[in-house]
Amino acid sequence: MQSINFRTARGNLSEVLNNVEAGEEVEITRRGRESAVIVSKATFEAYKKAALDAEFASLFDTLDSTNKELVNR
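Note that the UniProt record's numbering numbers the sequence shown so that position 54 is 54, with each residue one more than the last.
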């Protein structure tokens, strides 16, 4: 993952976006601290889907446990 400071990112935004579109993740730092990571839209959508899938799996596990408790009463 490429890491650049905010000033460099702002000055080279077109190049940064080209790199991201090519599949690279770019970390932007501000005052030496992690601030943000830029990823392609496809990568972002995949992260969102994975997070939702995990959330639904957890919800279904909870519902399954509750249903089993109700059935076994």
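Every residue gets a Cβ at the ideal spot worked out from N, C-alpha and C, and that includes glycine.
Inset, instruction - May I have the straight-line CA-CA distance separating E55 from A46, to the nearest angstrom? - result: 14 Å
Inset, instruction - Please confirm if the segment 2 to 9 is in contact with the segment 27 to 40, defined as three or more CB-CB distances below 8 Å between the two stretches. - result: The way I'd put it, the segment 2 to 9 does touch the segment 27 to 40; three or more beta-carbon pairs between them come closer than 8 Å.
Legend entry - DSSP beta-bridge partners of T29: Per the DSSP secondary-structure output, T29 pairs in a beta bridge with N5, E34.
Inset, instruction - Name the two residues that bound the continuous alpha helix (DSSP H) containing N12. - result: That residue, N12, is in no alpha helix (DSSP H); it is neither H nor E in DSSP.
Legend entry - Helix, strand or coil at S58 [DSSP, three-state]: helix
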